[in-house]
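Inspection log for the structure reproduced underneath, given as structure tokens.
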Amino acid sequence: MPARRPKPSICAKGLLTASVCAAVFSVSAAQAADRRHALDLPARPLTQSLIALAARSGISVGGVDPALCAATPRAVKGHLSAQQALQKLLSGSQCRVERVDAVTYRLVRDTQPLAVVARPAAPPAPRAVAPPSDDDIPLIIVRHPTRLFDTPAGVSVVAPPMLSGNDTDLSSLAPHVAGMTVTNLGPGRDKIFLRGVSDSVLTGRTQSMVGLYLDDTPITYNAPDPDLLLVDMARLEVLKGPQGNLYGQGALSGVVRLVTNKPVLDHFEGEAGVALGTASEGKPSWRTTGMINLPLPGEAAVRAVLWDEKSAGFIKDVALTRNASNDTERSGGRLSVKWQATPGLSFDSTLTMQDLRSSNSQYVMGRTGSYRRALSLAEPHDNIFQNLAMGVTHESASGTWRVSLNRLRHKIHTGYDAQPVGRYVSVANSGVFFFEEDQIIRLSSLEASYVSPSDRPVRWLAGVFAARSEESFTPLLIDVYTRRTLYDEDRSDRIDDAAAFAKITWDLTPKWTLSAGLRAQRSRHRTLSDIARVRLVDYATSGRITGVINANPVTHELMLSYQPSASLMLYALSSDGFRTGGFNTTTAQKSIVPGTYKGDRLSSLETGLKYRAPDGRLRVDAALFHIEWRDIQSDQLRPTGLPVTLNIGDGRNTGLEIEGGWRPIDELTLQLRAQFSDPNLHKTNPIYAKVREEGMPYISRRMASLSAQWRTPLFTLPLENTAVLSYRDGSPLNYGISRIIRMKGYTNLDLGSTADLGAYTLALRVTNATGNKSNSFAYGNPFALDTASQNTPLRPRTYWLSVNRRF
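Residue 735 in this note's numbering sits at position 697 of the sequence shown; the count goes up by one each step and never skips.
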């Protein structure tokens, strides 16, 4: 149910007396709870009716599995409040509905059926129920609406309150997803990995292994995570394992979907926030955010979100005599428009923009100290992201049609102090060198899909997809003092993809379900590179490189699930993914590095179980997986520091993934996430013969996190508290021709407390609460890997205090 889930009110938590609640629970909240919606829902099973109601009214419904309610399918028509509609849907069933706050409801088993209730004279006081947790949140997967429990695959969801934070981005959310890791090169530079497979810690010429989606549209091809500030978000959805059947090349190891709050058609919403942060090794940080939702005439609405922040640096560059040299400024916004032209036809559009600029990198070298280094030159990084998505959806009793169009422009500028490259320069020089590269990605995609109704024993979806990615790379290596160019290349790549996909799901019996899917794709990769000047040993002086690679992969998904009871599901899944090959242009005259690299394919077998206790207090998801990966594409570095892409060999990984949640009492929820795996290479490329048993880059064999959410009063102030303790084992950082770089494991602890005071929310958050200075990423400068040890310390202990005001 895709509704926004705000934090529950203090009255709903049962922490204040009735008289105080009456004062704090504002008139606007009461009006929101009693707001009427024009509804026309056909008689369908309860799960499908709840999804439709949530989408139409903006509410969120958790609690027990609707299948346990034994509700008779009922039509709901007329101008009704959300609570009236829920009561009609549950009339005569074995469940009742509890209102947590103005827009949050929970289903509870009840032996006494509810009668159809007309509009009450006054809104009933909310019951004292436990606050919603991630375990309550149903899931809407792209293309197929379904509850989280009913999805026979490795799926994770992060939702408020865990999604709400003072510095929320994918790095801070990774501990909440078993098997998810994010590198720590710096803001706007990081890669995402899922399920224990990695091609490289570098973002080079290969396509990303994880598909990053903003709502329904892909927003990366081979770029790093743009590091969007996650403001006004509904949830984070993570689909693990290859998703080639529905998502194509950009989902070799899974999909991460950022789900935003959508425009609300029938009422005004607004929110403004300010946050201040301070760390022991830097100047103060700050952030401001704002959101406004305006209904428009004719069943339409516009929702605007803005953010602006400055994150103070914590690395002292003693040679540059600068404190806190790695400051980051990030500003952006999102503008969404929705028009419900008819009850079944809607149009939507979202424009997202962000400008992220870091004044320097965040690694240290040698023995100068945890947060100190001595570089001759600053290493700035800019990440400018722009994306426009448009779509039209038509819903009817026979199914749902959707057509979506996306246009993205992503510009990345990177600079490095390249002093160590001097030993490869073939001309007289000053010894001080600087490398910079501009990467510009323009991605256009079009998709049309049809999804059959989800309440039928045979369900299916089908669609077509087309995309063009146009990329340009302009690496430049110069002598800072003589201004002499040492390497200058202008490279452009164009990748055209066209695909048709389909998936059918068949309920063989009430307990057994079988599904199968195929994707047929045609891919064409064209490269043109003009090397204007080279003054490096063994490199060609200049020239042009052109080439075209075509591929016609077919990927599949095959799933069988068994649900012996409403509390338990068992499943087995087979799936695969594919990436097209490409070209190397920074090769030497007499190099053993080939001019092309082949496409790679990843195949996965997975078996798992999902359990939900009948009382809703215990949840366990577990998956055992085995992955075979052939002809792995990997972005690596030449000894000069310039990038090259190779097929490094074959790999495999066998692992166990566990996610669980337990609510021993209403005031406390505990969640555990862990992955144990054994990644390794075999049939290794002869260049990398020394790394056969070294595992995969940045992939730990053991990763775990434990989080707790508990409610406690402080005098008369109700507090929602969170603690997240995460641990990752050591891992290699690259495959290295000359040597292998490894990093040790580390732990991290984040703490937070939130007070919801009606229209105001106060929050205090502490990141890296123990002040751990461990190395979180043993990599920083590609030109200095062989000259000195590098590491990226965890950001020092940082305190964030935020105030939000809802209107």
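All C-beta atoms, glycine included, are put in the ideal place defined by N, C-alpha and C.
Small disclaimer: the values here were computed from a predicted structure and weren't measured.
| said: Rounded to whole angstroms, what is the Cα-Cα separation between ASP174 and HIS214? | reply: In the sequence shown, counting from the first residue as 1, residue 174 sits at position 136. In the sequence shown, counting from the first residue as 1, residue 214 sits at position 176. Low confidence applies here, because ASP174 scores a pLDDT of 45, under 50, leaving its location unreliable; read the following figure in that light. Approximately 15 Å, taken between the alpha carbons.
| said: Please state whether the Cβ-Cβ distance between ALA338 and GLN378 is less than 8 Å. | reply: Locating residue 338 in the sequence shown gives position 300, counting from the first residue. Locating residue 378 in the sequence shown gives position 340, counting from the first residue. A contact, by the Cβ cut-off of 8 Å.
| LEU268: first and last residue of the uninterrupted alpha helix (DSSP H) it sits in | Along the sequence shown, read from residue 1 onward, the residue named residue 268 stands at position 230. Looking at the DSSP string, LEU268 is not in any alpha helix (DSSP H), and its letter there is neither H nor E.
| request: Enumerate in chain order the residues of its own chain whose CB-to-CB distance from PRO80 is below 6 Å, with the five nearest sequence positions on each side excluded. | output: Numbered from its first residue, the sequence shown carries residue 80 at position 42. Answer for PRO80: ALA113, listed in chain order.
| What do you reckon, are the CB atoms on ALA427 and THR388 nearer than 8 Å? | As a working note, residue 427 is residue 389 in the sequence shown. As a working note, residue 388 is residue 350 in the sequence shown. Yes, they are a contact pair.
| field | Element boundaries [beta strand (DSSP E), containing TYR462] | value | Counting from 1 along the sequence shown, the entry for residue 462 is found at position 424. Per DSSP, TYR462 belongs to no beta strand (DSSP E) and is neither H nor E.
| task | Measure the C-alpha to C-alpha separation of GLY5 and PRO495 and round it to an integer number of angstroms. | result | What the structure shows of the chain is the stretch from 39 to 845, and residue 5 is not part of that stretch, so it cannot be assessed.
| said: Taking the alpha helix (DSSP H) that ALA123 belongs to, which residues open and close that run? | reply: One-based indexing of the sequence shown puts residue 123 at position 85. ALA123 -> alpha helix (DSSP H) spans 120-127.
| said: Using the three-state DSSP reduction, which class does THR754 fall into: helix, strand or coil? | reply: For the purposes of this step, residue 754 is taken as residue 716 along the sequence shown, with counting starting at 1. Coil at THR754, not helix or strand.
| With DSSP run on the structure shown, which of helix, strand or coil describes TYR201? | Residue mapping note: residue 201 aligns to position 163 of the sequence shown, counting from 1. Reading off the sequence, residue 201 comes out as Leu, not Tyr. In this structure, LEU201 counts as coil in the three-state DSSP scheme.
| field | Own chain residues within Cβ distance below 6 Å of VAL658, not counting five before or after | value | Along the sequence shown, read from residue 1 onward, the residue named residue 658 stands at position 620. Result list for VAL658: TYR649 and GLY698, in chain order.
| query | If GLY234 and GLN281 are in contact, beta carbons under 8 Å, what's the gap, nearest whole angstrom? | reply | One-based indexing of the sequence shown puts residue 234 at position 196. One-based indexing of the sequence shown puts residue 281 at position 243. Going by Cβ atoms, the distance from GLY234 to GLN281 rounds to 16 Å, so no, they are not a contact pair.
| message | Using only the alpha-carbon positions, how far apart do ALA216 and LEU201 sit? | response | Position 178 of the sequence shown, counted from the first residue, corresponds to residue 216. Position 163 of the sequence shown, counted from the first residue, corresponds to residue 201. CA-CA distance, ALA216 to LEU201, rounds to 16 Å.
| Within 10 angstroms of its Cβ, does ALA435 collect 16 or more other Cβ (buried), or is it exposed? | Against the sequence shown, residue 435 aligns to sequence position 397. Result: exposed.
| message | Can you tell me whether HIS448 is helix, strand or coil according to DSSP? | response | Here residue 448 corresponds to residue number 410 of the sequence shown, with the count starting at 1. Note: HIS448 maps to strand in three-state DSSP.
| said: Does PRO548 come out as helix, strand or coil in the three-state DSSP assignment? | reply: By one-based count along the sequence shown, residue 548 stands at place 510. Coil at PRO548, not helix or strand.
| query | VAL430 to ASN444, Cα distance in whole Å? | reply | The residue you call residue 430 lines up with position 392 of the sequence shown. The residue you call residue 444 lines up with position 406 of the sequence shown. Roughly 12 Å separates the two Cα atoms.
| message | Buried or exposed for VAL841, going by 16 or more other Cβ atoms inside 10 Å? | response | Here residue 841 corresponds to residue number 803 of the sequence shown, with the count starting at 1. When all chains shown are included, VAL841 counts as exposed.
| Cα-Cα separation between PRO264 and LEU124, rounded to whole angstroms | Here residue 264 is taken as the residue at index 226 of the sequence shown, counted from 1. Here residue 124 is taken as the residue at index 86 of the sequence shown, counted from 1. If you take the alpha carbons of PRO264 and LEU124, they lie about 40 Å apart.
| query | Since ILE686 and ASN723 are thought to touch, with beta carbons under 8 Å apart, how far apart are those beta carbons, to the nearest angstrom? | reply | As a working mapping, residue 686 is identified with position 648 in the sequence shown. As a working mapping, residue 723 is identified with position 685 in the sequence shown. Right, the Cβ-Cβ distance comes to about 5 Å (below 8 Å), so this counts as a contact.
| query | For GLU647, which residues of its own chain have a beta-carbon under 6 Å away from its beta-carbon, when the five flanking residues on both sides are left out? | reply | Residue 647 sits at position 609 when you count from the first residue of the sequence shown. Here residue 647 is Leu; the residue named in the question, Glu, does not match the sequence. The answer, listed in chain order, is LEU608 and ALA660.
| Is the beta carbon of SER483 less than 8 Å from the beta carbon of GLN287? | What you label residue 483 is simply residue 445 of the sequence shown in a count that begins at 1. What you label residue 287 is simply residue 249 of the sequence shown in a count that begins at 1. Contact: no.
| task | Give me the Cα-Cα distance between PRO322 and ALA801, rounded to the nearest whole angstrom. | result | Position 284 of the sequence shown, counting from 1, holds the residue named residue 322. Position 763 of the sequence shown, counting from 1, holds the residue named residue 801. Approximately 17 Å between the Cα atoms of the pair.
| message | Suppose you measure from the CA of PRO46 to the CA of ARG557; what does that come to, to the nearest Å? | response | Taking the first residue of the sequence shown as 1, we reach residue 46 at position 8. Taking the first residue of the sequence shown as 1, we reach residue 557 at position 519. Note that PRO46 scores a pLDDT of 34, beneath 50, so its modelled location is shaky; the value from the coordinates is reported in the next line. Cα atoms of PRO46 and ARG557: separation of roughly 43 Å, rounded to the nearest angstrom.
| query | Since TYR251 is in the alpha helix (DSSP H), which residue starts that stretch and which ends it? | reply | Counted from its first residue, the sequence shown places residue 251 at position 213. TYR251 -> not in any alpha helix (DSSP H); beta strand (DSSP E) instead, spanning 248-252.
| message | So the candidates are LEU656, ARG668, GLU666 and ASP704; which of them puts its Cα closest to the Cα of LEU710? | response | Here residue 710 is taken as the residue at index 672 of the sequence shown, counted from 1. Of the candidates LEU656, ARG668, GLU666 and ASP704, the one whose C-alpha sits nearest the C-alpha of LEU710 is LEU656.
| What are the boundary residues of the alpha helix (DSSP H) that GLY282 is part of? | By one-based count along the sequence shown, residue 282 stands at place 244. 282-285 is the extent of the alpha helix (DSSP H) around GLY282.
| task | Could you tell me the distance, in whole angstroms, from the CA atom of THR298 to the CA atom of THR255? | result | The residue you call residue 298 lines up with position 260 of the sequence shown. The residue you call residue 255 lines up with position 217 of the sequence shown. Those two C-alpha atoms are separated by around 12 Å.
| field | Segment limits, beta strand (DSSP E) that includes LEU694 | value | Within the sequence shown, numbered from 1, the residue matching residue 694 stands at position 656. Where LEU694 is concerned, the enclosing beta strand (DSSP E) stretches over 688-703.
| the ligand FAD heavy atoms versus the CB of LEU546: any closer than 7 Å? | Annotation note on the ligand FAD: not contained in the displayed structure, which lists no ligands.
| Sub-8 Å separation of LEU394 and PHE815 beta-carbons | Walking along the sequence shown from the start, residue 394 turns up at place 356. Walking along the sequence shown from the start, residue 815 turns up at place 777. Not in contact: LEU394 and PHE815 (Cβ atoms no closer than 8 Å).
| PRO677 (DSSP reduced to helix, strand or coil) | Taking the sequence shown and counting its residues from 1, one reaches residue 677 at position 639. Looking at PRO677 - three-state DSSP - the assignment turns out to be coil, as it is neither helix nor strand.
| According to DSSP, is LEU211 helix, strand or coil? | Position 173 of the sequence shown, counted from the first residue, corresponds to residue 211. Correct three-state label for LEU211: helix.
| message | Taking contact to mean 3 or more Cβ pairs, one atom from each stretch, closer than 8 Å, check whether the stretch 564-573 and the stretch 583-594 are in contact. | response | yes
| request: Express the C-alpha separation of ILE257 and ALA105 in angstroms, rounding to a whole number. | output: As a position in the sequence shown, residue 105 is number 67, starting the count at 1. As a position in the sequence shown, residue 257 is number 219, starting the count at 1. Whole-angstrom Cα-Cα distance: 36 Å.
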